[in-house]
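In my numbering, the protein residues as written are 469 to 939.
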C-alpha cells in the first residue's frame, strides 16, 4: 500500500486460511447449496481469510491500489465463479448496465489514451471486479435464508477473531501473521500499530468496519445463533480496529455502532445493549497502550504525508485530465513525474478524488454509482414503507463512517478493501423482513410495529411473526 514504502500486496491468512475457508464452505453446501456457499466463500476470503493464488514472477515495487501486474487472488477467483454460476442458473448477479458501460469505456481508454501499461490493466481488472462484487453481494442479500445467516455470522465473526488473535500477539511483539514482511515488522515494532493478517494497519481497520455492513443486520436475525455470533463479531472487530490505531476507522466503527444502538433501541433488549457496552468498554480500558498510541497519532501523523499539499496536487491533476484520467492504478507513476510525494507513495487522501484522477469524471461516475444507488434505494425504501428494516438501518448507521473514511483516505480503493466494500453495499441494497423502527404516523393501526417482523412487499409473511426482544 501507499505510505512508508509499502506495496499494495495483500497478505491475508495464507494457505491455511484458504484451506479452512474452503472446508467451512464445503460443509455448508448441504445446508445452503452451492451458490450461497460460493458467495459465502467469497465474503470470507474478502474479509482476509484468502490469499494470493498467482502473482507474476517478476514482481516490481509499485505504489497503487493493486499490484503492478495482474494478480489472481482467491477472492477474485471465488467472485468470478460465484457470479458465473448464479448467472448460469438464470438469476441476476451481474449489474450489466454499469458493468458494460465501465468495461467498454475503461478498455477504450486503456488502449487509446492511457498507454496500455501493466499497472493499468491490473487496476482496471480490480475496478471491474468491484462492480461484480456489488452484484454478488446484492444476490446474497436477496437470497439470504435463516441457515445462511447463521453461517455468514459464524464465518465472518471467526475471521474477525483470527485477525484479533494475530493483532493481540503482535501487540506483544510477536510477528504473527506478517509473513516476515519488513514493512509489517516496522508497523508493529516501531509504529505500534497492529495489522492482523494484512500488511497495513488501516486495512484491518477498514475490514472490521465493512463487516459491520453484514453483522449489524444479522443482530436482528430470527436465529439466536446468528444474532449472538454477529454481536460477538462486532465486539471483537471493534477491539481489533482499536489496536490498529487507525483514527478514521476507529471513529467510523464507533459511530456506526452508536447510531445502530440509537436506531435499534426499541428492538434490542436492554441486557444485550448493556452487555455490548460493557464488553467494548472493558476492551477499551484493557488496551491503554493503544489509547496512548491513538492520542499520539492524533497529534502528529508522520506517515500520512502533507495532506493539504496532496489534496492540492490531486485537484490540479484532475483539472489537467478531467475526462480521461491518468489511468487505473497509475496515479503514482503519472503524477510522480512532477510530484515527489506521489512518486514515493503518497496519493491524494480522498477515495472519490483518487478515483476521478485515475479514471476521469465520466468513468468514475459509472464506477461509484453503486455507492449512490445503495443510499437512494435505502432512503426510498424507508420513505415508501414507513419503517426501517435491518439493512436500511445498517445503511443509515454506516453512512457517516463511510464518508469519514472515504473523504480522509484512499484505502477503500485498495485491493484489500474494495471488493468487500462493494459486496457490502450490494448486501445493504436489498431489504430483509426485520423491522426496527416504524416511522408511519398513520392511525389505521396497520403500521409496522418496532421490534416485529412485517410482511414483505408482495404480501407474504415471514415464518416468524414476532421477534422475541429478550433473545
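Cβ coordinates follow ideal geometry from the N, Cα and C atoms, glycine included.
1) Compare the C-alpha of residue 625 against each of 483, 883 and 513 and name the closest.
2) Residue 717: which of 518, 781, 670 and 776 sits nearest, CA to CA?
3) What separation, rounded to the nearest whole angstrom, lies between the Cα atoms of residue 861 and residue 682?
4) Please classify residue 842: is it buried, with 16 or more other beta-carbons within 10 angstroms of its beta-carbon, or exposed?
5) For the stretch 798 to 812 and the stretch 585 to 605, state whether three or more C-beta atom pairs, one from each stretch, are separated by less than 8 Å.
6) Check each candidate in 732, 685, 674 and 731 and name the one with the smallest Cα separation from residue 705.
7) Please determine if the stretch 684 to 700 and the stretch 631 to 642 are in contact, where contact requires at least 3 C-beta pairs separated by less than 8 Å.
8) From what residue to what residue does the beta strand (DSSP E) around residue 855 run?
9) Would you kindly report the start and end of the unbroken alpha helix (DSSP H) that includes residue 616?
10) At a cut of 8 Å, does the stretch 694 to 714 reach the stretch 655 to 667 through at least three beta carbon pairs?
11) Is the separation between the beta-carbon of residue 605 and that of residue 893 shorter than 8 Å?
12) What are the start and end residues of the beta strand (DSSP E) that includes residue 522?
13) Following the continuous alpha helix (DSSP H) through residue 502, name the residue where it begins and the one where it ends.
14) Kindly confirm or deny that the stretch 565 to 577 and the stretch 523 to 543 touch, where touching means at least three C-beta pairs closer than 8 Å.
15) Under the rule that 16 or more other beta-carbon atoms within 10 Å means buried, what is residue 880, buried or exposed?
16) Can you check DSSP and say which residues form a bridge with residue 882?
17) Suppose you measure from the CA of residue 791 to the CA of residue 593; what does that come to, to the nearest Å?
18) Unbroken alpha helix (DSSP H) runs of length 4 or more, entirely within the stretch 801 to 881: which are they?
19) What's the C-alpha gap between residue 665 and residue 695?
20) Does DSSP classify residue 691 as helix, strand or coil?
21) Are the beta-carbon atoms belonging to residue 835 and residue 823 less than 8 Å from one another?
22) Output needed for residue 482: all residues of its chain with C-beta closer than 6 Å, excluding positions within five of it in sequence on either side, in chain order.
23) Per DSSP, what kind of secondary structure is residue 663 in: helix, strand or coil?
24) Please work out which residues of its chain come closer than 6 Å, Cβ to Cβ, to residue 728, disregarding the five sequence neighbours upstream and downstream, and give them in chain order.
25) Can you find the residues in the same chain that come closer than 8 Å, C-beta to C-beta, to residue 521, ignoring five residues on each side of it along the sequence?
26) Just to confirm, is the Cβ distance from residue 609 to residue 859 under 8 Å?
27) Using DSSP with H/G/I as helix, E/B as strand and the rest coil, what is residue 540?
28) How far does the alpha helix (DSSP H) with residue 607 in it extend, from its first residue to its last?
29) In whole angstroms, give me the CA-to-CA distance for residue 732 and residue 627.
Looking at the atomic coordinates:
1) Numbered from its first residue, the chain shown carries residue 625 at position 157. For the residues 483, 883 and 513, the minimum Cα distance to residue 625 belongs to 513.
2) Indexing the chain shown from 1 puts residue 717 at position 249. Selected option, being the one with the closest Cα: 670.
3) For this step, residue 861 is matched to residue 393 along the chain shown. For this step, residue 682 is matched to residue 214 along the chain shown. Using only the alpha carbons, I get a separation of about 12 Å.
4) For the purposes of this step, residue 842 is taken as residue 374 along the chain shown, with counting starting at 1. Buried: at least 16 other Cβ atoms inside 10 Å.
5) Segments in contact, yes.
6) Taking the first residue of the chain shown as position 1, residue 705 is located at position 237. The shortest C-alpha separation from residue 705 is found at 674.
7) At 8 Å Cβ cutoff, the stretches do not touch.
8) Here residue 855 refers to the residue found at position 387 when the chain shown is read from its first residue. Residues 855 to 857.
9) Here residue 616 is taken as the residue at index 148 of the chain shown, counted from 1. Counting along the chain, the alpha helix (DSSP H) containing residue 616 begins and ends at 614 to 639.
10) yes
11) Residue mapping note: residue 605 aligns to position 137 of the chain shown, counting from 1. Residue mapping note: residue 893 aligns to position 425 of the chain shown, counting from 1. Yes, the Cβ-Cβ distance between residue 605 and residue 893 is below 8 Å.
12) Against the chain shown, residue 522 aligns to sequence position 54. It spans 520 to 522 - the beta strand (DSSP E) in which residue 522 sits, taken as one unbroken run.
13) Here residue 502 corresponds to residue number 34 of the chain shown, with the count starting at 1. That run of the alpha helix (DSSP H) goes 482 to 512.
14) Contact between the stretch 565 to 577 and the stretch 523 to 543 is absent, because fewer than three Cβ pairs lie under 8 Å.
15) The sequence position of residue 880 within the chain shown is 412, counting from 1. Looking at its Cβ environment, which holds 16 or more other Cβ atoms inside 10 Å, residue 880 is buried.
16) Translated into the one-based positions of the chain shown, residue 882 becomes position 414. Beta-bridge partners assigned by DSSP to residue 882: none are found.
17) As a position in the chain shown, residue 791 is number 323, starting the count at 1. As a position in the chain shown, residue 593 is number 125, starting the count at 1. Whole-angstrom Cα-Cα distance: 20 Å.
18) 808 to 811, 819 to 827, 829 to 853 and 858 to 876
19) Taking the first residue of the chain shown as 1, we reach residue 665 at position 197. Taking the first residue of the chain shown as 1, we reach residue 695 at position 227. Roughly 26 Å separates the two Cα atoms.
20) Position 223 of the chain shown, counted from the start, is the residue given in the question as residue 691. Of the three classes helix, strand and coil, the one that applies to residue 691 here is coil, per DSSP.
21) Here residue 835 refers to the residue found at position 367 when the chain shown is read from its first residue. Here residue 823 refers to the residue found at position 355 when the chain shown is read from its first residue. In contact: residue 835 and residue 823 (Cβ atoms closer than 8 Å).
22) The residue labelled residue 482 in the question sits at position 14 within the chain shown. Closer than 6 Å at Cβ, skipping near neighbours: 519.
23) Reading the chain shown from its first residue, position 195 is the one you call residue 663. If DSSP states are grouped into helix, strand and coil, residue 663 belongs with coil.
24) Within the chain shown, numbered from 1, the residue matching residue 728 stands at position 260. Within the same chain, residue 728 has close Cβ partners 684 and 865.
25) The count along the chain shown starts at 1 and reaches residue 521 at position 53. Non-local beta-carbon contacts of residue 521 in its own chain, meaning distances under 8 Å to residues more than five positions away in sequence, involve 540, 541, 542 and 545 in chain order.
26) Indexing the chain shown from 1 puts residue 609 at position 141. Indexing the chain shown from 1 puts residue 859 at position 391. Yes, the pair counts as a contact, with Cβ atoms nearer than the cut-off.
27) Residue 540 sits at position 72 when you count from the first residue of the chain shown. Strand.
28) Here residue 607 refers to the residue found at position 139 of the chain shown. First-last of the alpha helix (DSSP H) with residue 607: 586 to 610.
29) Taking the chain shown and counting its residues from 1, one reaches residue 732 at position 264. Taking the chain shown and counting its residues from 1, one reaches residue 627 at position 159. Using only the alpha carbons, I get a separation of about 26 Å.
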